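Peer 1: Just so we're on the same page, our numbering is the position in the sequence shown counted from 1, plus 793.
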Amino acid sequence: MNIFRFAGDVTHLISILVLLLKIYATKSCSGISLKTQELYALVFLARYLDLFTDFVSVYNTVMKVVFIVSSVAIVWCMRVDRVVRRSYDKDLDTFRHLFLILTSFLLALLVHEKFTFQEIFWAVSIYLEALAILPQLVLLQRSGNVDNLTGQYVLFLGAYRAFYILNWIYRYFTEQHFTRWIACVSGIVQTALYADFFYYYFISWKNNAKLQLPA
794 MNIFRFAGDV THLISILVLL LKIYATKSCS GISLKTQELY ALVFLARYLD LFTDFVSVYN
854 TVMKVVFIVS SVAIVWCMRV DRVVRRSYDK DLDTFRHLFL ILTSFLLALL VHEKFTFQEI
914 FWAVSIYLEA LAILPQLVLL QRSGNVDNLT GQYVLFLGAY RAFYILNWIY RYFTEQHFTR
974 WIACVSGIVQ TALYADFFYY YFISWKNNAK LQLPA
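Following this line, the structure appears as structure tokens:
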């Protein structure tokens, strides 16, 4: 494992911890897209089908379990917890995420590394993760004001993808047979989707003002 992948994993974990802190400490999920969280839960469930069949390392297994459990727990809390779900911005979270799932599945059938059940669903998870942030970004644009914890959650989530791009660049120059082009291209697309958010986050930080996104 190289430093860029480790940094990506750490920032990904921080983003999840920030989101869990917001939900459990404030008993609110205002500003959080349930549809994005459902997509992330599907991403991890589809990607880690090999959890009980292929052992790479203790670190790898623990990370898989953490991502699956935490994503499912967030969805459960937003859907089931009576206090938390009252703050859910249902009227703003209207992005048709089923379209993203269908698009990712069809794309995986057309562009994949191997035509096997596990590899197809791995490709689905890669494509879906690249698009999963869209409902969240749309919700934030519609709401305008973004609270600190929600802003930090999206920031760390974007940083995670940026570190993974550096990871793939590093692997390209250090590994003799680099084959994860699907993940690399999808990661670049996903990071590009954060560009607008990063810009306004930097402006708000520079001016020491509350983060606001244009509608």
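Using N, Cα and C, we set each Cβ at its ideal position, and we do this for glycine too. Keep in mind that this is a model prediction, so the values were computed, not measured.
1. How do the segment 912-923 and the segment 894-903 stand: do at least 3 beta-carbon pairs fall below 8 Å, yes or no?
2. To the nearest angstrom, how far is it from the Cα of residue 855 to the Cα of residue 927?
3. When DSSP labels each residue in this structure, what does residue 795 get in the three-state scheme?
4. Measuring only the C-alpha atoms, how far is residue 881 from residue 966?
5. Taking the CB atoms as reference points, tell me whether residue 815 and residue 888 lie closer together than 8 Å.
6. Look at the Cβ atom of residue 930, then the Cβ atom of residue 990, and state whether they are nearer than 8 Å.
7. In terms of residue numbering, what span does the alpha helix (DSSP H) encompassing residue 857 cover?
8. Leaving aside the five residues before and after residue 835 along the sequence, list all residues of the same chain whose C-beta is less than 8 Å from its C-beta, in chain order.
9. Leaving out five residues before and five after residue 864 in sequence, what residues of the same chain have Cβ atoms less than 6 Å from its Cβ?
10. Among 952, 1000, 975, 963, whose alpha-carbon lies nearest the alpha-carbon of residue 985?
11. What is the DSSP secondary structure of residue 941, reduced to helix, strand or coil?
12. Give the straight-line distance between the Cα atoms of residue 1006 and residue 992, rounded to the nearest whole angstrom.
13. Are the CB atoms of residue 868 and residue 912 nearer to each other than 8 Å?
Peer 2: Let me lay it out:
1. yes
2. Along the sequence shown, read from residue 1 onward, the residue named residue 855 stands at position 62. Along the sequence shown, read from residue 1 onward, the residue named residue 927 stands at position 134. Near 28 Å, if we compare the C-alpha coordinates of residue 927 and residue 855.
3. Taking the first residue of the sequence shown as 1, we reach residue 795 at position 2. Coil, per DSSP.
4. Mapped onto the sequence shown, residue 881 falls at position 88. Mapped onto the sequence shown, residue 966 falls at position 173. Whole-angstrom Cα-Cα distance: 45 Å.
5. For the purposes of this step, residue 815 is identified with residue 22 of the sequence shown, where counting begins at 1. For the purposes of this step, residue 888 is identified with residue 95 of the sequence shown, where counting begins at 1. Note that the C-beta distance between residue 815 and residue 888 is not below 8 Å.
6. Taking the first residue of the sequence shown as position 1, residue 930 is located at position 137. Taking the first residue of the sequence shown as position 1, residue 990 is located at position 197. Yes, Cβ-Cβ distance for residue 930 and residue 990 is below 8 Å.
7. Along the sequence shown, one-based indexing puts residue 857 at 64. Per DSSP, residue 857 belongs to the alpha helix (DSSP H) from 851-873.
8. For this step, residue 835 is matched to residue 42 along the sequence shown. So the qualifying residues of the chain are 894, 918, 921.
9. For this step, residue 864 is matched to residue 71 along the sequence shown. Contacts found: 833, 834, 837.
10. Along the sequence shown, one-based indexing puts residue 985 at 192. It is 952.
11. Position 148 of the sequence shown, counting from 1, holds the residue named residue 941. If DSSP states are grouped into helix, strand and coil, residue 941 belongs with the helices.
12. To locate residue 1006, count along the sequence shown from 1; it is residue 213. To locate residue 992, count along the sequence shown from 1; it is residue 199. When rounded, the distance between both Cα atoms is 10 Å.
13. The sequence position of residue 868 within the sequence shown is 75, counting from 1. The sequence position of residue 912 within the sequence shown is 119, counting from 1. Not a contact, by the Cβ cut-off of 8 Å.
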